[in-house]
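Asker: Have a look at the structure that comes next, please.
See the structure below:
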């Protein structure tokens with residue numbers, strides 16, 4: 390079982406995440422109405438497969454903070470902070486996004502976030 394970890398985004402917002410296993414970082418980005426619990430099983434399965442499986446509360450959801458005004462660029466910063474804090478700067482990083490989380494993954498890749506491979510569903 391993972392404990393809740395925290396990453397700090399560039400604007401100082403605290404982003405809550407869980408990590409399972411060890412190995413290359415694989416982050417699951419949920420949709421607009423999800424918190425980190427929605428993809429906990431996926432993160433755990435990734436951990437069992439040799440990855441560091443990560444699921445997190447997007448800005449303004451679950452245990453994560455929120456700072457006004459909302460901007461997609463802030464969510465990209467949040468994802469980058471989670472990747473960095475979870476160890477993604479030291480290994481390949483895989484990011485999978487679902488629904489609006491998929492759009493966020495595309496935005497993050499376009500912005501140059503440290504993502505080796507991304508998938509949007």
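In our numbering, the protein residues as written are 390 to 510.
Built from N, CA and C at the ideal position, the CB exists for glycine as well.
Using three-state DSSP, classify residue 485 as helix, strand or coil.
Answerer: Strand at residue 485.
Asker: Report the rounded CA-to-CA distance for residue 396 versus residue 469, giving the unit in angstroms.
Answerer: Roughly 9 angstroms separates the two Cα atoms.
Asker: Considering Cα atoms alone, identify which of 449, 412, 439 is closest to residue 425.
Answerer: If we check each option's Cα against that of residue 425, 449 comes out closest.
Asker: According to DSSP, simplified to helix, strand and coil, what is residue 504?
Answerer: Note: residue 504 maps to coil in three-state DSSP.
Asker: So what's residue 457 in DSSP terms, helix, strand or just coil?
Answerer: Looking at residue 457 - three-state DSSP - the assignment turns out to be coil, as it is neither helix nor strand.
Asker: With a CB to CB cut of under 6 angstroms and the five nearest residues on each side skipped, what residues in its chain are close to residue 411?
Answerer: Here the set comprises 441.
Asker: Between the alpha carbons of residue 476 and residue 405, how many angstroms are there, rounded?
Answerer: Roughly 15 angstroms between the two C-alpha positions.
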